[in-house]
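Protein chains in written order, with our numbering: chain A, 1 to 124; chain B, 1001 to 1687.
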């Protein structure tokens, strides 16, 4: 990945940049995040489906940003960035996974409710 | 959408009124007088000696990694002193306010600090020590040393390096400004939730805390990117991964932590900001908010931050111990593996900061075991250092003494850390000063490493050694003070003293509290010797060789002392892991290049300091809700970035004959020498 350092515009990563991909990435992110907000505000879905839906929308948004906005792919110029992103996946699993486990445990132990209110809602 | 706030607000000055200036508080008025006097003396000296132009051209606009590193260290030392005074104020309050009959002065019912002021003092102490003292000091050391240690000309992104410094400085200035305009957070350095929410902290204190950290942490993140790229891409020819010095390895791992962890801090503070400014409910007690979400996210950053600080400290020990044992580091490969093991595990231990929150035994058990696992790679490191010392030819210079004292602090801090990793013990001593004593052992180990590193690499940067005699006095007074203060604090923790007390209800604690105060006085003595060490060293300025210690092993000691601004006249070819030791063994350490080649250098630029100062006004505008100031500053930052992106300055080139001349007269190439204005390269010359 040798690159000329005197002119940034000749850098292979810059040369791969594309206006339509920026715009598409921006649009996709706006739509997906708006969808997540709408789902949250309407509160129509049951808790499990709701959680899965916004997690899926977040993942789709992340992929849209990575692929379209940042232009990550497996080309010679971008592969190191793509690999770097993949290498952060264990950190996501650790931090998000352990957080979910911890809050699940916490809710069962500290948010004990009377029998008729036991059904968890979105706000819990 | 914007949240209504208590008190007056005007479009011109936002929440800022004359009552925000604490001119009735004698402590703050005195502090202001001292600060203003120091500022006047410094400014007067600069003007009297006609150094304003020099200061601007050579330092404030520099992109040289060594000068940036030195300025990071100066900022860190100033903030370290400020936070020490905060610590002294806390200990003095606790030594005075014991029992219901203790007198009160300066408006306090007991002691001399009212609770509102005391709370700000401990919040500032922690925030500054972690984020505005230890972090810039370590960043400064890595900035100075790593490019030299890997044989690079500069950092990968010199302009971004300067920007990182000025963003950190902007955050530090905001913290200092809170002394004299408004107040600081009363919610602890961790931002105890829900105290940081607007209904509980309606003033500007939390905003100062939040924006200062937010701005400086952007600087830290940018620096992390810079350091990672520098280490991966800019190593000298021949320096394969298994020839990289251990300090550089630890810098790489610590900056990977920085790059991955600091954005979480940015997010959690942004969400808190949304609560305070926009009326959202991320961390409120109602409307879907979740208090624990803040604590959880804060510590997901907070615990890796601990290793962000301690890993470079381990790296410093790994450089100093072999140098003064005259032996290669024992177990290089395991040392590197242990470094990355610690960095990896650091992501799975954060919940031990809130074992008592109420999670189940399974969750607490997992995090307890994960925390204890950190002891394995740390133990590997300690044994490696011990085996390096074993049968070495030991020289007890001040860097070596600091390193050995650091190992002792690691032992005490590590063992008490193991105790705290057990949830049952944690439930007993949680929120007591036992915890404070434990983590102070760890951060003082970092401080010991910083002092070791500063003394060790100082002659490389400036060409003369720090005075050893005063350095030893500084060391012994500092370490004795540490032992006195924190032994007493461990005892008080076991006796049940909780942290952050502005009034001591139990007179039985008086002897230990007074012991702590005596230790704080000894710290004052150590500051005297530190300043005397600087004074005597600057006065005498005894020149040193390229390797001032005579037994150094790594590449940075191959080039001259003081190091020229271009680092190496010729990029070195690396032949071994301890390159200088290898060259010494082969009689090549004094070899000089026969011919020189042109050296391409980056040009200085004023854009980073301008963006830094605009970030300061942006932060100030947001804190006081002066919307025009915040908006104007943000717009100006965006414009400055755009202008910079169209800057066609391609740097300049040092001609071989110019390099040869400077190699003959090194004083002209040192980082304190003023350089002549140089013409930037044209497009044609660059190609």
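Built from N, CA and C at the ideal position, the CB exists for glycine as well.
So, helix, strand or coil for residue 12 of chain A, using DSSP?
-> Against the first chain, residue 12 of chain A aligns to sequence position 12. Helix at residue 12 of chain A.
Do you know offhand how far residue 124 of chain A's Cα is from residue 1288 of chain B's?
-> Taking the first residue of the first chain as 1, we reach residue 124 of chain A at position 124. Taking the first residue of the second chain as 1, we reach residue 1288 of chain B at position 288. Confidence at residue 124 of chain A is low in this model, with a pLDDT of 44, below 50, so its placement is unreliable and no value can be given for it.
Listed from N- to C-terminal order along the chain, which residues in the stretch 1293 to 1318 of chain B have their beta-carbon within a distance smaller than 7 Å of any beta-carbon of chain A?
-> 1296 and 1300
Collapsed DSSP secondary structure at residue 1303 of chain B in the structure displayed = On the second chain, residue 1303 of chain B is found 303 positions in, with the first residue counted as 1. Correct three-state label for residue 1303 of chain B: helix.
Who pairs with residue 1111 of chain B in a beta bridge, going by DSSP?
-> Along the second chain, read from residue 1 onward, the residue named residue 1111 of chain B stands at position 111. Residue 1111 of chain B is bridged to B:1104.
State the Cα-Cα distance for the pair residue 30 of chain A and residue 1253 of chain B, rounded to the nearest angstrom.
-> Start at 1 with the first residue of the first chain, and residue 30 of chain A comes out as number 30. Start at 1 with the first residue of the second chain, and residue 1253 of chain B comes out as number 253. Whole-angstrom Cα-Cα distance: 35 Å.
For residue 1347 of chain B, decide whether its Cβ has a neighbour in chain A, counting only Cβ atoms nearer than 8 Å.
-> The residue given as residue 1347 of chain B occupies position 347 in the second chain. With 8 Å as the cut-off, residue 1347 of chain B counts as an interface residue toward chain A.
For residue 1398 of chain B, name the three-state secondary structure that DSSP assigns.
-> Here the question's residue 1398 of chain B lines up with position 398 in the second chain. Here residue 1398 of chain B sits in helix by DSSP.
Contact with chain B by residue 123 of chain A, beta-carbon distance below 8 Å | On the first chain, position 123 is the one that residue 123 of chain A refers to. Legend: pLDDT at residue 123 of chain A = 48, less than 50; position of this residue unreliable, no value from coordinates given.
For the stretch 35 to 48 of chain A, which residues have a beta carbon sitting closer than 7 Å to at least one beta carbon of chain B?
-> none
Kindly list the residues whose CB is nearer than 6 Å to the CB of residue 1212 of chain B, restricted to its own chain and excluding five residues on each side of it in sequence; keep chain order.
-> Against the second chain, residue 1212 of chain B aligns to sequence position 212. Correct list, in chain order: 1171, 1174 and 1175.
Pick from B:1680, B:1605, B:1673 and B:1618 that is closest to residue 1157 of chain B, judged by C-alpha positions | Here residue 1157 of chain B corresponds to residue number 157 of the second chain, with the count starting at 1. Closest option to residue 1157 of chain B, Cα to Cα, is B:1605.
Give me the Cα-Cα distance between residue 1635 of chain B and residue 1219 of chain B, rounded to the nearest whole angstrom.
-> Counted from its first residue, the second chain places residue 1635 of chain B at position 635. Counted from its first residue, the second chain places residue 1219 of chain B at position 219. Their backbone Cα atoms lie some 19 Å apart in a straight line.
Near residue 122 of chain A, which residues of its chain fall below 7 Å by C-beta distance, leaving aside the five closest residues on each side in sequence?
-> Numbered from its first residue, the first chain carries residue 122 of chain A at position 122. Caution applies to residue 122 of chain A, whose pLDDT of 49 falls short of 50 and renders its modelled position unreliable; the value that the coordinates give is listed next. Answer for residue 122 of chain A: 43, 47 and 50, listed in chain order.
Cutoff 8 Å: residue 1351 of chain B Cβ touching any chain A Cβ | Residue numbering aside, residue 1351 of chain B sits at position 351 when the second chain is read from its first letter. Interface residue, yes.
Does DSSP put residue 1546 of chain B in a helix, a strand or coil?
-> Residue 1546 of chain B sits at position 546 when you count from the first residue of the second chain. If DSSP states are grouped into helix, strand and coil, residue 1546 of chain B belongs with coil.
Burial state of residue 1547 of chain B, where buried means 16 or more other Cβ atoms lie within 10 Å = The residue given as residue 1547 of chain B occupies position 547 in the second chain. That one is buried.
Under 8 Å between the Cβ atoms of residue 1247 of chain B and residue 1201 of chain B?
-> Residue mapping note: residue 1247 of chain B aligns to position 247 of the second chain, counting from 1. Residue mapping note: residue 1201 of chain B aligns to position 201 of the second chain, counting from 1. Not in contact: residue 1247 of chain B and residue 1201 of chain B (Cβ atoms no closer than 8 Å).
Take the Cβ of residue 1563 of chain B as the centre, count every other Cβ of all protein chains shown within 10 Å, and call the residue buried at 16 or more, exposed below.
-> In the second chain, the residue the question calls residue 1563 of chain B occupies position 563. So residue 1563 of chain B ends up on the buried side.
Beta-carbon neighbours of residue 1363 of chain B, restricted to chain A and to distances below 7 Å | Counting from 1 along the second chain, the entry for residue 1363 of chain B is found at position 363. What residue 1363 of chain B touches in chain A: 101, 102 and 105.
Inside the stretch 29 to 115 of chain A only - alpha helix (DSSP H) runs reaching at least 4 residues | 47 to 64, 79 to 87, 89 to 92 and 98 to 110
Is the beta carbon of residue 1215 of chain B sitting closer than 8 Å to the one on residue 1619 of chain B?
-> In the second chain, counting from the first residue as 1, residue 1215 of chain B sits at position 215. In the second chain, counting from the first residue as 1, residue 1619 of chain B sits at position 619. The answer is yes: Cβ separation under 8 Å.
Any C-beta of chain B under 8 Å from that of residue 94 of chain A = Against the first chain, residue 94 of chain A aligns to sequence position 94. So, interface residue.
Proximal residues to residue 1470 of chain B (C-beta, below 6 Å), its chain only, five neighbours per side dropped = As a working note, residue 1470 of chain B is residue 470 in the second chain. Taken in chain order, the residues that qualify are 1529, 1532, 1533 and 1536.
For my contact list, residue 1310 of chain B and residue 1442 of chain B are in at a C-beta cut-off of 8 Å; report their separation, rounded to the angstrom.
-> Taking the first residue of the second chain as position 1, residue 1310 of chain B is located at position 310. Taking the first residue of the second chain as position 1, residue 1442 of chain B is located at position 442. Sure, about 6 Å apart at Cβ, within 8 Å.
Leaving aside the five residues before and after residue 1611 of chain B along the sequence, list all residues of the same chain whose C-beta is less than 8 Å from its C-beta, in chain order.
-> Locating residue 1611 of chain B in the second chain gives position 611, where the first residue counts as 1. These residues qualify, in order along the chain: 1163, 1166, 1167, 1637, 1640 and 1641.
For a contact meaning CB atoms closer than 7 Å, what does residue 110 of chain A contact in chain B?
-> Here residue 110 of chain A is taken as the residue at index 110 of the first chain, counted from 1. Within 7 Å Cβ-Cβ: 1358.
What residues in the stretch 1538 to 1562 of chain B bring their beta carbon closer than 7 Å to a beta carbon of chain A?
-> none
Out of B:1671, B:1580, B:1118 and B:1685, point me to the one whose CA is closest to residue 1239 of chain B's CA.
-> Taking the first residue of the second chain as 1, we reach residue 1239 of chain B at position 239. Residue B:1580 is the option with its Cα nearest to residue 1239 of chain B.
What three-state label does DSSP hand residue 1418 of chain B in the structure shown?
-> Within the second chain, numbered from 1, the residue matching residue 1418 of chain B stands at position 418. Helix at residue 1418 of chain B.
Closest Cβ-Cβ distance between residue 59 of chain A and chain B: below 8 Å?
-> Here the question's residue 59 of chain A lines up with position 59 in the first chain. No, because no Cβ of chain B sits closer than 8 Å to the Cβ of residue 59 of chain A.
Candidates B:1553, B:1623, B:1645 and B:1571, of which the one nearest residue 1582 of chain B by Cα | Looking up residue 1582 of chain B in the second chain gives position 582. Residue B:1553 is the option with its Cα nearest to residue 1582 of chain B.
Are the beta-carbon atoms belonging to residue 1512 of chain B and residue 1091 of chain B less than 8 Å from one another?
-> As a position in the second chain, residue 1512 of chain B is number 512, starting the count at 1. As a position in the second chain, residue 1091 of chain B is number 91, starting the count at 1. No, these two residues do not count as a Cβ contact at 8 Å.
Kindly give me the distance between the Cβ atoms of residue 1208 of chain B and residue 1184 of chain B, rounded to whole angstroms, as I take these residues to be in contact under 8 Å.
-> Within the second chain, numbered from 1, the residue matching residue 1208 of chain B stands at position 208. Within the second chain, numbered from 1, the residue matching residue 1184 of chain B stands at position 184. About 6 Å separates the two Cβ atoms, so the contact holds.
Report yes or no: do three or more beta-carbon pairs, one from the stretch 1131 to 1140 of chain B and one from the stretch 1446 to 1454 of chain B, lie closer than 8 Å?
-> yes
State the beta-bridge partners of residue 1654 of chain B as determined by DSSP.
-> What you label residue 1654 of chain B is simply residue 654 of the second chain in a count that begins at 1. Residue 1654 of chain B is bridged to B:1599.
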